[in-house]
Amino acid sequence: MATKKYKKAKIYTGKDGSLKNKWFVYYSFLNPFTASFERFKVYEGINMIKDLKDRTRFANDLVDEINARLIAGYDPFKAELATNKLIFEKETEILLEESRKTPTLLEGLNTFLEVKKKKNLAKDTLVAYTSYIGKFENYLLENKLADVRLNGMDTRFISDMLDWLTVEHKWGETTFNNHLAFWVNLLNWFARSPRKWLRREDFEIGADRDLEFKVAKVMKNQYFGANVAEKVKKEMENFPKLLFYSQFIYYSCMRPEEIRQLKIENVDIEGRYIKIVGKTSSRTIPISDELAEMLKSLNLQNYPSNYHVIGKAGEVSDRTHGENYFAKMFHEHIRPKLKLSMDFTLYGWKHTRVVDLLNAGYSDAEIMGLTGHRDTSSYDKYKRDLIGNLSNNKLRGKTIGW
Numbered sequence: 001m002a003t004k005k006y007k008k009a010k011i012y013t014g015k016d017g018s019l020k021n022k023w024f025v026y027y028s029f030l031n032p033f034t035a036s037f038e039r040f041k042v043y044e045g046i047n048m049i050k051d052l053k054d055r056t057r058f059a060n061d062l063v064d065e066i067n068a069r070l071i072a073g074y075d076p077f078k079a080e081l082a083t084n085k086l087i088f089e090k091e092t093e094i095l096l097e098e099s100r101k102t103p104t105l106l107e108g109l110n111t112f113l114e115v116k117k118k119k120n121l122a123k124d125t126l127v128a129y130t131s132y133i134g135k136f137e138n139y140l141l142e143n144k145l146a147d148v149r150l151n152g153m154d155t156r157f158i159s160d161m162l163d164w165l166t167v168e169h170k171w172g173e174t175t176f177n178n179h180l181a182f183w184v185n186l187l188n189w190f191a192r193s194p195r196k197w198l199r200r201e202d203f204e205i206g207a208d209r210d211l212e213f214k215v216a217k218v219m220k221n222q223y224f225g226a227n228v229a230e231k232v233k234k235e236m237e238n239f240p241k242l243l244f245y246s247q248f249i250y251y252s253c254m255r256p257e258e259i260r261q262l263k264i265e266n267v268d269i270e271g272r273y274i275k276i277v278g279k280t281s282s283r284t285i286p287i288s289d290e291l292a293e294m295l296k297s298l299n300l301q302n303y304p305s306n307y308h309v310i311g312k313a314g315e316v317s318d319r320t321h322g323e324n325y326f327a328k329m330f331h332e333h334i335r336p337k338l339k340l341s342m343d344f345t346l347y348g349w350k351h352t353r354v355v356d357l358l359n360a361g362y363s364d365a366e367i368m369g370l371t372g373h374r375d376t377s378s379y380d381k382y383k384r385d386l387i388g389n390l391s392n393n394k395l396r397g398k399t400i401g402w
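So the sequence shown is numbered by the UniProt record's numbering: it starts at 1 and just counts up by one.
This is how it looks when you write it as structure tokens:
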């Protein structure tokens with residue numbers, strides 16, 4: 001004889017069956033995963049009825065209805081699975097529909113150009129637009145990125161594109177800046193109504209940001225030479241949070257925005273790595289002994305995993321610190337006191353770390369793993385901009401005497 005899958009519905013009225021108790025109808029059904037009976041409670045508005053006879057009548061009717069459904073083969077577990085399946089299918093359908101609304105970058109570029117061609121623009125302007133977009137399309141096709149959608153891009157994606165094009169076309173600083181300025185216009189156009197294909201605020205472009213305009217002949221975010229570095233470090237002792245933040249940039253080589261968004265859940269001190277999570281890709285940063293000691297001093301184990309490592313006011317917090325919180329402190333208190341030029345910024349500590357590692361004999365491959373460069377060509381250019389060709393130059397040592 002087959003095991004009965006359910007136990008009939010009954011009414012629960014509390015200890016004394018009065019209206020002050022919370023009533024419900026309950027039944028049990030065999031859970032196919034645990035092979036045990038599981039109780040289900042059904043309220044259906046029963047406690048909204050304030051007359052005892054009416055509530056009793058309603059409860060009895062509900063019992064009869066549930067029992068009839070059980071006899072007819074109703075299975076609450078199958079019903080739940082079917083409901084979850086419908087919800088999943090609906091959510092998938094909505095996501096697909098939303099993705100169709102957001103065009104690929106290639107489609108967006110072509111749409112921009114078509115719209116501009118319909119306007120009464122100067123011929124030279126249209127020629128320039130066509131030239132810019134042609135180079136961007138070439139990058140996408142050459143790197144098999146033609147299916148990237150506009151809402152799947154981030155600042156790093158644009159940075160990689162411009163780095164690749166700089167090497168491919170041997171751009172100078174001015175040409176790079178012209179193409180970056182065009183990207184700023186594109187992002188604004190893509191974000192405006194009626195398109196709204198992306199969120200403009202998701203893209204960090206400017207000084208001390210993920211992507212910067214280049215300054216010809218002058219190294220922006222200049223690295224701190226030994227003499228300057230010691231003076232700056234000594235002065236920052238009066239601002240412990242700024243000192244800690246600068247040390248964090250130095251040892252991690254992370255960008256300011258990456259540090260601002262860094263959460264405890266992406267830090268593994270024992271495993272010795274930090275994971276930087278982006279929209280379209282992620283990378284890991286090795287944790288040195290020095291950086292490990294800094295992280296341990298924060299007692300991160302005492303906070304929820306979704307807290308920011310260097311959050312509001314420079315503390316471990318559930319909120320990020322302001323974008324210019326540390327930069328403003330440096331510009332107002334350190335730079336004027338030491339009469340430093342505008343070329344020195346907090347991001348310069350990353351470049352200082354790279355120079356120090358090169359001087360200490362670390363390999364380019366090891367340093368690339370820290371800086372986040374994805375190819376040797378972009379790293380080589382970065383290193384040339386930083387120190388020229390001096391990393392292995394014999395003239396930096398003992399030469400021929402007088």
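We put the CB at the ideal spot given by N, CA and C, even for glycine.
Helix, strand or coil at residue i according to DSSP, with G and I counted as helix
i	result
Arg192	coil
Leu121	coil
Ile310	coil
Tyr325	helix
Val355	helix
Lys10	strand
Lys339	coil
Inter-residue spacing [alpha-carbon to alpha-carbon] between residue i and residue j
i	j	result
Thr280	Arg199	Confidence is the limiting factor: at Thr280 the pLDDT is only 49, short of 50, which leaves the residue's position unreliable and the question unanswerable from this model.
Arg209	Asn266	21 Å
Leu395	Asp380	With a pLDDT of only 47 at Leu395, under 50, the local geometry of the prediction cannot be trusted, and no value is derived from it.
Phe176	Tyr245	30 Å
residue 479	Arg283	Absent from the structure is residue 479, since the part of the chain shown begins at 1 and ends at 402.
Phe224	Ile259	20 Å
Trp349	Ala146	36 Å
Asp60	Leu19	One point to set straight first is that residue 60 is Asn, not Asp, in the sequence displayed. Going from the Cα of Asn60 to the Cα of Leu19 covers about 15 Å.
Met219	Leu186	For Met219, the predicted model reports a pLDDT of 47, less than 50, meaning its position is unreliable; a value from the coordinates is still stated below. Using only the alpha carbons, I get a separation of about 27 Å.
Leu243	Phe330	10 Å
Glu257	Gly152	18 Å
Arg374	Leu113	31 Å
residue 406	Thr130	Outside the displayed range of the chain (1 to 402) lies residue 406, so it cannot be described from this structure.
Leu106	Met161	13 Å
Ile400	Asp364	29 Å
Ser252	Leu262	12 Å
Arg272	Asn359	24 Å
C-beta atoms of residue i and residue j nearer than 7 Å
i	j	result
Ser297	His308	no
Leu295	Phe326	no
Leu62	Val25	yes
Leu30	Lys8	no
Glu235	Lys328	no
Ser305	Ile367	no
residue 403	Glu204	Past the boundaries of the shown model lies residue 403; the chain is included only from 1 to 402, so the question cannot be answered.
residue 408	Phe58	Because residue 408 is not part of the residues shown, which for the chain are 1 to 402, the question remains open.
Phe190	Trp197	yes
His351	Leu386	yes
Member of the options whose CA lies at the smallest distance from the CA of residue i
i	options	result
Ile310	Lys241, Thr352 and Asp364	Lys241
Val115	Glu65, Arg195 and Glu168	Arg195
Gln247	Glu290, Met161 and Gly45	Glu290
Arg384	Gly369, Leu126 and Val354	Val354
Glu270	Leu262, Lys10, Thr320 and Leu300	Leu300
Tyr27	Val42, Thr34 and Lys15	Val42
Report the start-end ranges of each alpha helix (DSSP H) in the stretch 1-80 that is 4 residues or longer and not cut off at the edges. 52-71
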